[in-house]
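In terms of the working numbering, the sequence shown is residues 57 to 741.
Every residue, glycine too, gets a C-beta built ideally from N, C-alpha and C.
So the structure is just underneath, and the comments pick up after that.
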Amino acid sequence: MDAMQQREGGLGGEQGEDGPVTTAVSTLPTAWFDYDLAFSRNIGWLSELEQQRLREKRVAIAGMGGVGGVHMLTLARLGVGRFNVSDMDRFELGNFNRQVAAFQHTLGQPKVDSVVRMANEINPELDVKVFAQGVNEDNLEEFLEGVDVYIDGLDFFVLDIRRKLFAMARKKGIPCITAGPLGMGTGYIVFTPDGMSMEEYFRFEGKTPHQQAINFLMGLTPSLLHLRYLKDGSRVDMANKKGPSTAIACQLCAGVAAGEAVKLMIGRGPVKAAPYYHHFDPYLNRFLIRKLRWGNDGPIQRLKTAMVAWIAGSFSKGARPREIELEPGTPVLTRILEAARWAPSPDNSQPWRFERVSETQVRVHVDLERNNPYSYRDSEPLWFSSGMMLQALRLAGSLHGWGMNWTLEGTPAAPVLNVMFDPDAGVPVDVLGYYLKARTVDRRAYRMRPLTMADKEALAKALGPGLRLDWIESFGERWRLSWVNAKATGIRLRSERCHRVHQEVIDWDNRFSRTGMPAGALGMDPLGQRVMKVVLADWKRMKLSSALGAGLYAGVEMDVIPSVCSGGFAVIRRPVGETGPLTPLDRLRVGEQVMRFWIEANRRGLSFQPSLAAVFCSSQSRGEDPQRGLEPSLRDQAAAVAQDYARVTGFDPSEIVFQARLGVSRAKADAPRSIRKQLMDLIND
């Protein structure tokens, strides 16, 4: 095979009788290119002699993804002239956040082709051997032939071939560098042929794949600096070999690995090889160089590794279920529905199904038949949530420049929202659409930081005209309101009808529930959750515990503490002078407005919890349907709660359409929460 030949249509390799074979890629020197001038700015930190030595060095890099690609480009800009590189994957949209050669025009292309093409744009005289089918036992020796330094660019979880590569490199006398992206920093280790081997350091032998992954992590970063600022642990999914990564970390990996590689190739500068490990984290402004004398075999390190293995197991158990990733070319309407399905609904009931009529029209079928006390005022909460769905569709459409109109059809019990999009409307992007999937409910205690005037002005603007917006903010007001809400909680716990709803919607098994509310999201402490699980299992048990004070305990946990620990309550009321029940159209429009208010709160970093206990009690005391409301024996108590609310706030609860608690959350992003059914389960074409 001609080593100077570059194949048309790719750099990956030709097809032989027995499968893919290695292709050597390089180009003839070009008349215009001047190596000395191209890399002259390296001179000073490198001597001219050292620069020419780098020109003849060969570096092997397995993997051209998150770190491997930037390894190659960094070394190419340092003037390294020869490479052996491998990768068998192609670029996907999920690579865009960190992989140096991931662009729109490289989607679906082999990673190794794209990276090598970029490297040749830096130095057209490069001599590159491409292993387009990856590295395996059959080509290990060939991959490391003539190599001066091996740099590890394999995926974190690819340990089998990694071990064989390092062992073969040691046999051939080749130093190795592994640098792993950790949070916004990097952990890295150098292995030299005469020092501690990779196996001696990490101690993989005899371990399961899961244990090997933990050992690899703990060897790279015994200090675990990056875990101090992990915001959403639910994204760490060891079972499915997935985890978060940043471009910051990948770029730093390339910097430190190239620095060590240059020292090894020119023979100048200190190299602290294994058992030394390094961890640099710019987020924490920390840089550690420490010696792990026995590698992972030290007694303290073994104890730490066992603890991390247990923590990693809990991460996997609590990992957020993966959502279906939309492929490039997915129809716009599907993308709109995928975003809009995150609209909120009472108890995460998701009472709608989508019927796609055409590429620009969808009918949303809404089920209002909920035979329980929380469907008060003729299913008003479900009407409001349907309006929120309409707003979600409008916001999602704006992200594609689509305009939207809707009409109400169907029957009062089974309304249909006929939604029509206009792809040619050219509407500007509404930034609230960015937050559809991130919008959350947080029932826990917040920081006691008052809402700013800027916050309240922005929220009022988001709500729009036609509704009155008031605030309950002082400590005394929040304190008095908290006890009114606690009384309402006590009533609900003494209602057998409410009890059946609680049994149905509370999810005790999942941190992230697609069809209900996770117990961990209720706002109760772990002890309270355990007690509640036991008593909710049986109505007689619940009734007895309520008589013994469980209602007071739950009220303090779920109402008093969160109400006091907040920035305040927003009270949204009907326009002055407007009386009588809201029409279905009115309810849908109110829902649209409240949805904007809610998303704006989250957009401004404020947590949000609907707080409608007084409205619920007021509706029960005003002749709510006896078949679906509270038991008659509890209605007088509900009326008393409604009166207490009016007394402590000055607002008539019958005028309130929505009330919410707001503030700055203390919770982490991986806190338990309700998620949504997947789109395929909500489409009824």
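Counterpart residues of residue i in DSSP-defined beta bridges
i, result
"P180", "According to DSSP, which records beta bridges pairwise, P180 is partnered with nothing at all."
"V718", "Strictly speaking, residue 718 in this sequence is Leu, with Val absent from that position. G624, F664, per the DSSP bridge assignment."
"V557", "DSSP, once it has assigned bridges, lists no residue as partnering V557."
"F336", "T242, F343"
"G466", "P471"
"D293", "K298"
"S730", "S569"
"L735", "According to DSSP, L735 bridges with nothing at all."
"R524", "R629"
"P166", "R146"
"F410", "V420, I739"
"I99", "L102"
"I712", "R629"
"Y502", "S721"
"R495", "Beta-bridge pairing links R495 to no other residue."
Buried/exposed call for residue i, threshold 16 Cβ in 10 Å
i, result
"M588", "buried"
"T496", "buried"
"S10", "With the chain covering 57 to 741 only, the question about residue 10 has no answer from this structure."
"V485", "exposed"
"P278", "buried"
"Y257", "buried"
"E198", "exposed"
"P640", "buried"
"M363", "exposed"
"A716", "buried"
"V487", "exposed"
"Q160", "exposed"
"M736", "exposed"
"I380", "exposed"
"N89", "Here the sequence assigns Phe to residue 89, which means Asn is not the residue at that position. Burial call: exposed."
"N740", "exposed"
"P631", "exposed"
"A396", "buried"
"Y285", "exposed"
"L110", "buried"
"A368", "buried"
"Y531", "One detail in the question is off: residue 531 reads as Phe in this sequence, not Tyr. Counting Cβ neighbours within 10 Å, F531 comes out exposed, since fewer than 16 surround it."
"S414", "exposed"
Check whether residue i and residue j have beta carbons under 9 Å apart
i, j, result
"V422", "A470", "yes"
"S329", "G251", "First, the amino acid is wrong: residue 329 is Ala here, not Ser. In contact: A329 and G251 (Cβ atoms closer than 9 Å)."
"R503", "G623", "yes"
"D222", "A269", "Note on identity: in this sequence residue 222 is Phe, with Asp being the wrong assignment. Result no, Cβ atoms of F222 and A269 do not sit closer than 9 Å."
"E648", "Q447", "yes"
"G611", "N541", "yes"
"L743", "L393", "Outside the modelled stretch of the chain, which goes from 57 to 741, sits residue 743, for which no answer is possible."
"S770", "V616", "Outside the shown range of the chain, which is 57 to 741, sits residue 770, and nothing can be said about it."
"S142", "A118", "yes"
"W408", "M460", "no"
"R505", "P618", "no"
"R550", "G607", "yes"
"A295", "V205", "no"
"T482", "L644", "For clarity, residue 482 is Gly in the given sequence; the question names Thr instead. No, they are not a contact pair."
Residues of its chain near residue i, where Cβ-Cβ distance is below 6 Å and the 5 sequence neighbours each way are ignored
i, result
"S721", "D498, Y502, S663"
"T162", "F147, S170"
"A158", "F147, N151, F152"
"G489", "L451, A452, S454, L455"
"A132", "A175, I178, N179"
"K297", "F213"
Spatial neighbours of residue i in its chain, beta-carbon cut-off 7 Å, leaving aside the 5 residues before and after
i, result
"G122", "R154, Q155, P237, S301, C306"
"A494", "N658"
"T463", "N474"
"K347", "P331, Y332"
"A725", "K287, D288"
Cβ-based neighbour list, residue i, same chain, cut-off 8 Å, excluding 5 preceding and 5 following
i, result
"N428", "R553, C554, R556, V557, R684"
"L578", "R499, I562, Q585, M588, M614"
If you scan the stretch 532 to 603 from start to end, which runs of the alpha helix (DSSP H) of 4 or more residues do you find wholly inside it?
-> Considered as a whole, the stretch 532 to 603 harbours 552 to 561, 582 to 592, 595 to 603 as its complete alpha helix (DSSP H) runs of no fewer than 4 residues, in chain order.
3 or more residues per run - each beta strand (DSSP E) lying fully within the stretch 186 to 259 | Runs of the beta strand (DSSP E) inside the stretch 186 to 259: 205 to 208, 232 to 238, 241 to 247.
Every unbroken alpha helix (DSSP H) within the stretch 412 to 488, with a cutoff of 4 residues, ordered by chain = Listed in chain order, the alpha helix (DSSP H) elements of length 4 or more contained wholly in the stretch 412 to 488 are 432 to 454.
Write down every uninterrupted run of the alpha helix (DSSP H) in the stretch 116 to 158 whose length is 4 residues or greater and which is fully enclosed by it, in chain order.
-> The qualifying runs are 124 to 133.
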